[in-house]
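Protein chains in written order, with my numbering: chain H, 1 to 252; chain R, 253 to 504.
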DNA sequence: AGTTTAATTCAAAAAAGTTCAAGTTAAATC
DNA sequence: GATTTAACTTGAACTTTTTTGAATTAAACT
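Laid out in structure tokens, this is it:
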């Protein structure tokens, strides 16, 4: 492949994905890491992208560190599979809520094709990503948490209370055998509860590693929602409550 | 094959493909690499194409040059000077509003040192930047405009109506001799008006090039605020309304 | 700590530049 | 009209430069 061509592929890929790993580009262009690194150095010098540890970021992507951790995180493949699966539930013309968080963030690219879609979110990165995909986006404001970049607090709750969603897609950090949906942080829990309350249908996105885990605050009951998760281990299956709607997203 | 004919074929192929390899052209024209190289040298000299290692690229292809957008917009230095000047107006312990926009965005780094500061903004990038500087941040939600990434609309206005700021820092696109503060977009104008209404003191940030410019919507009167701008040209001075508080930020 | 990613270095491979002999063409000469 | 010569084009052989991938060392992240 021509150097020129390869660098264009990289540019295009970065335009679409905002962030990418060196390895991804190797597979994409069928070249070695050395070559990709050299390309990235050149492209950075040309002002097309910014190099970050492990890959590169689009120059006009402000979401920086958080989404970087999103992309390079551990169960990334599982999260994408869950997100893709969940995205299939979305109907054209609907108003959906996308919770702040890494798994739900991954839904956005899969939503880009759906017609007349409006997404509402309290995640800054999610909003920016959606805008980048030409999706009509409404952001829940409020105090922004420094670690997760999620809108929380009374301002957020008040704004949420006036909205009604076709469906909410919410991340959770834990699910126990009694069907408690849990998260470590009270303010985020309050928001998640409101997100559920305002939705006709709720989907909880959580990878299998979180089933059986317990956290400080319960924000809802599992039987009020559909759980979308990755392939379950035997241990995870034992920890699932009885009266539950659970769907496994299979990925290869 | 005639040289003339061969070069015509190369041109045509390049018009269609933007980019091509020497080998491709050899097959296409049934000639040796030497010949193709000689053709490419000639055609490059004629300004038809640009040679790259391994092939050539159409001169008409500007997708490459677009990437020269290391564009920190036009008056970047002036904007930083204005932002620095405006930031000095901020007192510790205050609640201030920072409007979405490039000039106001530049204030954020200068605000990082100020103790007990809470900033409220309707700009996504501004919020992320502030969070990055460990500043307590509240975001105004609402529909997010795709071009400016600013929160607008009724959701935003409603949320704003409940807040009160020590000071608002707002960008403007135009100021005429009657003291009209103007911006091109009605929805943003409505937000800017609300930002002014909720503030004890308003600072309008605009570089000198915008003084004398007119735009579609007026969102406020200059005598209700302090204008912070860059060094004024003679033309700009002539366009300034009489009853105005205006401060020039000097930069070297 | 240990693991992953990046920078550096070097040899192999690919491509470009260079040179030259053979082939073409066209005008000039016989 | 045929032959010669000069100008030009072409393809191959060779050298130089650029690009590439692997190996090693250094740095960064968890």
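We treat Cβ as the ideally placed atom computed from N, Cα and C, and that holds for glycine.
Is residue i helix, strand or coil by DSSP?
| i | result |
| --- | --- |
| residue 503 of chain R | coil |
| residue 348 of chain R | strand |
| residue 132 of chain H | helix |
| residue 148 of chain H | coil |
| residue 219 of chain H | strand |
| residue 112 of chain H | coil |
| residue 196 of chain H | helix |
| residue 484 of chain R | coil |
| residue 138 of chain H | strand |
| residue 32 of chain H | coil |
| residue 304 of chain R | strand |
| residue 126 of chain H | helix |
| residue 273 of chain R | strand |
So, for residue i: in the same chain, excluding its five sequence neighbours on each side, which residues have a beta-carbon less than 8 Å away from its beta-carbon?
| i | result |
| --- | --- |
| residue 419 of chain R | 341, 342, 346, 348, 349, 451, 452, 453, 454, 455 |
| residue 159 of chain H | 140, 141, 142 |
| residue 297 of chain R | none |
| residue 184 of chain H | 173, 215, 216, 217 |
State buried or exposed for residue i, treating a residue as buried only when at least 16 other CB atoms are found within 10 Å of its CB.
| i | result |
| --- | --- |
| residue 223 of chain H | exposed |
| residue 489 of chain R | exposed |
| residue 254 of chain R | exposed |
| residue 482 of chain R | buried |
| residue 47 of chain H | exposed |
| residue 41 of chain H | exposed |
| residue 194 of chain H | buried |
| residue 53 of chain H | exposed |
| residue 379 of chain R | buried |
| residue 417 of chain R | buried |
By Cβ distance, which residues of its chain are closer than 7 Å to residue i, with the 5 residues on each side in sequence left out?
| i | result |
| --- | --- |
| residue 285 of chain R | 274, 278 |
| residue 307 of chain R | 271, 272, 273, 274 |
| residue 241 of chain H | 177, 178, 179, 222 |
When you compare each of the options to residue i by their alpha carbons, which one comes out closest?
| i | options | result |
| --- | --- | --- |
| residue 466 of chain R | R:405, R:501, R:424 | R:424 |
| residue 249 of chain H | H:4, H:39, H:211, H:81 | H:81 |
| residue 457 of chain R | R:335, R:265, R:360, R:429 | R:335 |
| residue 196 of chain H | H:29, H:130, H:121 | H:121 |
| residue 403 of chain R | R:389, R:426, R:352 | R:352 |
| residue 366 of chain R | R:388, R:354, R:378 | R:388 |
| residue 282 of chain R | R:266, R:269, R:259, R:301 | R:259 |
| residue 207 of chain H | H:233, H:13, H:92, H:43 | H:233 |
Check the Cβ of residue i against every Cβ in chain H and list those closer than 7 Å, keeping chain order.
| i | result |
| --- | --- |
| residue 411 of chain R | 141, 155, 159 |
| residue 305 of chain R | 3 |
| residue 309 of chain R | 4 |
List the residues of chain H whose Cβ lies closer than 8 Å to the Cβ of residue i, in chain order.
| i | result |
| --- | --- |
| residue 396 of chain R | 127, 131, 137, 138, 139 |
Starting from the beta carbon of residue i, find every residue of chain H whose beta carbon is closer than 9 Å, and list them in chain order.
| i | result |
| --- | --- |
| residue 300 of chain R | Here the premise fails: no neighbours, minimum Cβ distance about 17 Å. |
What residues from chain R crowd round residue i, counting only those whose CB sits closer than 8 Å?
| i | result |
| --- | --- |
| residue 151 of chain H | 391, 393 |
Give me the chain R residues within the contact set of residue i, using Cβ-Cβ distance strictly less than 7 Å, ordered along the chain.
| i | result |
| --- | --- |
| residue 5 of chain H | 271 |
| residue 124 of chain H | 376, 379, 380 |
Among the residues of its own chain, which have a CB less than 6 Å from the CB of residue i, if the five just before and after it don't count?
| i | result |
| --- | --- |
| residue 470 of chain R | 432, 434 |
| residue 192 of chain H | 170, 219 |
| residue 211 of chain H | 175, 236, 239 |
| residue 364 of chain R | 385 |
| residue 5 of chain H | none |
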